[in-house]
Amino acid sequence: MVESRKSGPGSKVRSGCITCKARRVKCDETKPSCLRCQTLRLECGGYARKQKPTPSSHRLLPLVPKIQSVSKTAVPLAPTPSHELFANDQEFNYFKVYAGTTAPQLGEYFDTPIWSTIVLQASEQEYFIKHAIIALGALNQSHDVTTSIQGVSGRVLRSSSPHYQVAFHHYGSSIQGIRKACEEQRKSRRTILIACLLAVCFEYYHGNIDLATAHVKNGIKLIDEWFLSMKHLVSVIGQQFLQGIIEDELISIFTRLERDIYIWHEVYLVEMHPELQKNAARIILAIPARGFADLHMARRFFDIMLSQVDRFVYNIEEMLWDYSRPTSRSRRALQLDSSTGAIVLSKQQRQRFDFLKDGLASWRKAFQPALAQSLKVTGRDLLVAKTLALNFLCSAIALRCCLGPELTYDAEISDFQAALSMAGTLFDMVASKKGHTFIVTSIIIKSLFFIASKCRDKSIRTKARDYLQAMSRQEGIWDSTAISAMTNVVMKLEETGESGLIPEHKRLRAIRTSFDLYTRQGTLRFLTIPMKTEAIEVVARCMEFRW
Numbered sequence: 001m002v003e004s005r006k007s008g009p010g011s012k013v014r015s016g017c018i019t020c021k022a023r024r025v026k027c028d029e030t031k032p033s034c035l036r037c038q039t040l041r042l043e044c045g046g047y048a049r050k051q052k053p054t055p056s057s058h059r060l061l062p063l064v065p066k067i068q069s070v071s072k073t074a075v076p077l078a079p080t081p082s083h084e085l086f087a088n089d090q091e092f093n094y095f096k097v098y099a100g101t102t103a104p105q106l107g108e109y110f111d112t113p114i115w116s117t118i119v120l121q122a123s124e125q126e127y128f129i130k131h132a133i134i135a136l137g138a139l140n141q142s143h144d145v146t147t148s149i150q151g152v153s154g155r156v157l158r159s160s161s162p163h164y165q166v167a168f169h170h171y172g173s174s175i176q177g178i179r180k181a182c183e184e185q186r187k188s189r190r191t192i193l194i195a196c197l198l199a200v201c202f203e204y205y206h207g208n209i210d211l212a213t214a215h216v217k218n219g220i221k222l223i224d225e226w227f228l229s230m231k232h233l234v235s236v237i238g239q240q241f242l243q244g245i246i247e248d249e250l251i252s253i254f255t256r257l258e259r260d261i262y263i264w265h266e267v268y269l270v271e272m273h274p275e276l277q278k279n280a281a282r283i284i285l286a287i288p289a290r291g292f293a294d295l296h297m298a299r300r301f302f303d304i305m306l307s308q309v310d311r312f313v314y315n316i317e318e319m320l321w322d323y324s325r326p327t328s329r330s331r332r333a334l335q336l337d338s339s340t341g342a343i344v345l346s347k348q349q350r351q352r353f354d355f356l357k358d359g360l361a362s363w364r365k366a367f368q369p370a371l372a373q374s375l376k377v378t379g380r381d382l383l384v385a386k387t388l389a390l391n392f393l394c395s396a397i398a399l400r401c402c403l404g405p406e407l408t409y410d411a412e413i414s415d416f417q418a419a420l421s422m423a424g425t426l427f428d429m430v431a432s433k434k435g436h437t438f439i440v441t442s443i444i445i446k447s448l449f450f451i452a453s454k455c456r457d458k459s460i461r462t463k464a465r466d467y468l469q470a471m472s473r474q475e476g477i478w479d480s481t482a483i484s485a486m487t488n489v490v491m492k493l494e495e496t497g498e499s500g501l502i503p504e505h506k507r508l509r510a511i512r513t514s515f516d517l518y519t520r521q522g523t524l525r526f527l528t529i530p531m532k533t534e535a536i537e538v539v540a541r542c543m544e545f546r547w
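Here it is, written out as structure tokens:
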């Protein structure tokens, strides 16, 4: 028999189980184990007559909880929450869809702890996070119904579906709750950041990319504000604080979400604060010379490292876009080589460029032990290692060649071939499976587009394009169907009329895009440097595409 005891109206519960007290949530006091712990499959710590508050209860809390390695005695989260936590059967069932189906799909093999642990635990404390989870579960059901009935890819969701209507009802409730919490400043940044992540997920899943990118920028802004408010911790406890940043799962995924949106037209990212850049530099300098102990450690440094590298490349491309505008100030600030059109960096920019190149070399060297170990096994570790290596190679090539001219990429054929081989492994193991797949951050599509658009070796770029066309997959902003259509446009523009080496003036630079997953049409924007005239010019062009 389980025994339940409820406290009277207005009374404060001081006799809850030890686990709920530690988590700072209200306990339902069911014995021998409370329902709240059973719901999340947490080990209920039982009940004590007296529980003295510990000094640690008043210390500064981190933005998000660290995900520790799971011990042998840890109990996994339950895919089926307690029915009593929901207003009706419908909410309960959609929540179960998220916990049992949506969360594992969103994490695939790369981000499982966030969707299956952090988000579910946060829903226990905040109603607007629970509403967002229910919305995602309903949207998942709408996707399944649309796919099975209409025979479409799943990107075009029919508003007539009852699941679809429920999804938007709960999503609206979640957004209202988030706004109210922000206005009243009564919730932690951690809570708002989790809700922001769920909003990003919903909008990408729904196909509203502009709103999704807006939520990504809000999340990054929230993290940046938190870092700046904690400047004193960097100086007081230094590396310990920075290590906490590296280990933070939510910060990690938002750095990748930000990197994913650099290709979006007029995303207008705010320049990174100098203090934040200094913190990132400290982390890069802390890459262990002896090598990473495991993939987890390699990945944490990887996310910080590539966030800086990709931001540098993005800024260089934005300078070129500004230069293409006749009235832009960048025409005075940016210097181009008169014979090649390559960017000539200032002394400060060159120092930054060299620092990032050295950082990439340090990470690559430190990654070798973990990579070698991972290649000996199969399953998740192999997939993660291949994903890190693929994304690293593409970012390293981009940094080396970002100053131009585009002909510089022709010297990177061996690395392009290596990247394509890794992408092929991931395609065979994950992306080629039947059925449409949705995850929130890029794993393979972004890299395949980079290979196809920047490697002018016909066989390599064609194979990369073929991989894109053969998959039914959306990785946040990177939708395989839209991107493969855009890749065809890039290849056609560059290759038409050319039988051998593609000349510099035909090559596309600083590619940006925008597209609509409902109308299945988009715009490709790019820069070119025309054949040599009296002065180097950078010309902006655009091309519509459909699929």
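Numbering of the sequence shown is given in full-length UniProt numbering, commencing with residue 1 and proceeding in unit increments.
Just so it is clear, CB atoms sit at the ideal spot from N, CA and C, and this is done for glycine as well.
Count the C-beta pairs between the region 335–343 and the region 286–304 that are closer than 8 Å, then say yes if the count reaches three, no if not. Judged by pairs of C-beta atoms under 8 Å, the region 335–343 does not touch the region 286–304, as fewer than three such pairs exist.
Who pairs with THR513 in a beta bridge, going by DSSP? DSSP lists TRP264 and LEU524 as partners of THR513.
Can you tell me whether HIS206 is buried or exposed? The criterion is at least 16 other CB atoms within 10 Å of its CB, across all chains shown. Here HIS206 is buried. Its C-beta has 16 or more other C-beta atoms within 10 Å.
Let me check one thing: in DSSP terms, what residues is PHE438 bridge-paired to? GLN474.
6 Å Cβ shell around HIS163 - same chain, five flanking residues per side excluded: The residues are ALA138, GLN141 and SER142.
Could you give the DSSP three-state label for ILE444: helix, strand or coil? ILE444 falls in the coil class under three-state DSSP.
The region 209–229 in contact with the region 164–171 per 3-pair CB rule at 8 Å: Contact between the region 209–229 and the region 164–171 is not established, with fewer than three Cβ pairs separated by less than 8 Å.
Going by beta-carbon coordinates alone, are TRP321 and ALA535 separated by less than 7 Å? No, the pair does not count as a contact, with Cβ atoms beyond the cut-off.
Could you spell out the range, first to last residue, of the alpha helix (DSSP H) harbouring PHE92? Following the DSSP letters along the chain, one finds PHE92 inside the alpha helix (DSSP H) bounded by residues 89–97.
So is THR327 buried or exposed if we call it buried at 16+ other beta carbons inside 10 Å? THR327 is exposed by the Cβ-count criterion.
Quick one, are the C-beta atoms of LEU106 and VAL313 less than 7 Å apart? Annotated as distal: LEU106 and VAL313, with beta-carbon spacing of 7 Å or more.
Whole angstroms are fine: how far does the CA of GLY424 sit from the CA of ARG380? Cα to Cα, ARG380 sits roughly 16 Å from GLY424.
If we require 3 or more residues per run, which beta strand (DSSP E) segments fall completely within the region 367–400? As far as the region 367–400 is concerned, it has no whole beta strand (DSSP E) run of at least 3 residues.
How big is the Cα-Cα spacing for GLY359 and PHE450? In a straight line, the C-alpha of GLY359 is about 21 Å away from that of PHE450.
Quick check on HIS273: buried or exposed, where buried means 16 or more other Cβ atoms within 10 Å of its Cβ? Burial call: exposed.
Determine the direct distance from the alpha carbon of GLU537 to that of LYS446, and round the result to whole angstroms. Approximately 29 Å between the Cα atoms of the pair.
Roughly how many whole angstroms lie between the Cα atoms of ILE263 and TYR98? So the two alpha carbons sit approximately 30 Å from each other.
Roughly how many angstroms separate the alpha carbons of SER362 and ARG456, rounded to a whole number? If you draw a straight line from the Cα of SER362 to the Cα of ARG456, it comes to about 29 Å.
For the alpha helix (DSSP H) holding VAL270, just list the boundary residues, first then last. Neither: VAL270 is in no alpha helix (DSSP H) and is coded neither H nor E.
The alpha helix (DSSP H) that contains ARG507, what's its start and end? DSSP places ARG507 outside any alpha helix (DSSP H), giving it a letter other than H or E.
For the beta strand (DSSP E) that contains TRP539, what are its first and last residues? Per the sequence shown, the amino acid found at residue 539 is Val instead of Trp. Looking at the DSSP string, the run of the beta strand (DSSP E) that includes VAL539 is 539–546.
What three-state label does DSSP hand TRP321 in the structure shown? Looking at TRP321 - three-state DSSP - the assignment turns out to be helix.
Are ALA122 and ILE133 closer than 7 Å when you measure CB to CB? Their beta carbons are not under 7 Å apart, which means ALA122 does not touch ILE133 by this criterion.
Would you call PRO405 buried or exposed, if buried means 16 or more other Cβ atoms sit within 10 Å of its Cβ? Counting the other CB atoms within 10 Å of its CB gives PRO405 a total of 16 or more, which places it among the buried residues.
Run through DSSP, which three-state label would GLN125 get? GLN125 sits in coil when the DSSP states are folded into three classes, being neither helix nor strand.
If contacts are defined as beta-carbon pairs under 8 Å, then ILE253 and ILE114 qualify, I think. What distance do you get, rounded to the angstrom? Distance from ILE253 to ILE114 at the Cβ level is roughly 6 Å; contact confirmed, criterion being Cβ atoms closer than 8 Å.
Per DSSP, what kind of secondary structure is LEU336 in: helix, strand or coil? It is a strand residue.
Proximity of THR513 and CYS542 at Cβ, strictly below 7 Å: Between THR513 and CYS542, the CB-CB gap reaches or exceeds 7 Å.
Is the beta carbon of ALA214 less than 7 Å from the beta carbon of HIS170? Contact: no.
Excluding sequence positions up to five away, which residues of its chain have a Cβ less than 7 Å from the Cβ of ALA431? Same-chain partners within the cutoff: ILE444, MET471 and ARG473.
Can you tell me whether GLN373 is buried or exposed, with buried defined as 16 or more other CB within 10 angstroms of its CB? Residue environment for GLN373: exposed (fewer than 16 other C-beta atoms within 10 angstroms of its C-beta).
Taking the Cβ atom as the reference point for each residue, do MET422 and LEU390 lie within a distance shorter than 7 Å? Going by C-beta atoms, MET422 is nearer than 7 Å to LEU390.
At the level of alpha carbons, what is the spacing between ASN218 and MET319? Per the coordinates, the alpha-carbon of ASN218 lies some 24 Å from the alpha-carbon of MET319.
Using CA atoms only, rank isn't needed, just tell me which of LEU228, GLU317 and LEU371 is closest to MET297. Of all alpha-carbon atoms in LEU228, GLU317 and LEU371, the one lying nearest the alpha-carbon of MET297 is that of LEU371.
Going by Cα to Cα distance, which pick from GLU266, PHE353, LYS433 and ASN88 is closest to PHE526? When each option's Cα is compared against that of PHE526, the closest is GLU266.
Runs of 4 residues minimum, wholly inside the region 171–240: which ones carry the alpha helix (DSSP H) assignment? Segments of the alpha helix (DSSP H) lying fully in the region 171–240: 189–206, 209–229 and 231–237.
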